[in-house]
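Heads up, the thing below is written out as structure tokens.
Residue numbers (this note's numbering): 1 to 148.
This is the structure:
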């Protein structure tokens, strides 16, 4: 978490988005100000009770494992630009929702998620990174009505 705090201090991202319960728990524990949390109340498929910080506007969405539903896509698109702290609580799995979070995050934002048994992954959102995400989404088997 010190690495994340140092990166935030040096680079001053436009926004900070966190995907995953473990990283959410850690950022809350360390008092790191996050703009968007995306959680499913599980860490490595085991239930956990994540309590989002007071004042977080919470949205609930269904998103089965291994998918990105149009419902989840639209909610992430909507809340990525909010001016206040938001949380998306997923019934299902949040892992692949990292892709739309990066896609809809503003340039200069950080998107952070955990890599089990490895550590923290920090994505610096650039136009180039957004194009990579578009390519990945383009080859995935996603619901037809998702508008990239």
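The beta-carbon is built from N, C-alpha and C at its ideal position, and this holds for glycine as well.
Taking a contact to require three or more Cβ pairs closer than 8 Å, the stretch 66 to 74 and the stretch 90 to 110 qualify as touching. The residue among 41, 52 and 47 with its C-alpha nearest the C-alpha of residue 85 is 52. DSSP places residue 86 in the strand class (E or B) of the three-state scheme.
Between residue 19 and residue 94 a beta carbon distance of about 6 Å is seen, short of the 8 Å cut, so the two are scored as contacting.
Judged by DSSP secondary structure, residue 138 falls within the alpha helix (DSSP H) whose first and last residues are 127 to 139.
The C-alpha of residue 131 is placed about 34 Å away from the C-alpha of residue 47.
Comparing alpha-carbon positions, the option among 24, 83, 125 and 5 lying closest to residue 106 turns out to be 125. Around the beta-carbon of residue 24, 16 or more other beta-carbon atoms lie within 10 Å, marking it buried. In terms of Cβ geometry, residue 89 and residue 58 form a close pair [threshold 8 Å].
Your pair residue 32 and residue 11 does not check out as a contact, with CB atoms roughly 14 Å apart and the cut at 8 Å. Residue 22 is not bridged by DSSP to any residue. Per DSSP, the unbroken alpha helix (DSSP H) holding residue 9 starts and ends at 2 to 11. Cβ-Cβ distances below 6 Å link residue 34 to 16, 18 and 27 in the same chain, with the five nearest sequence neighbours on each side left out; the list follows chain order.
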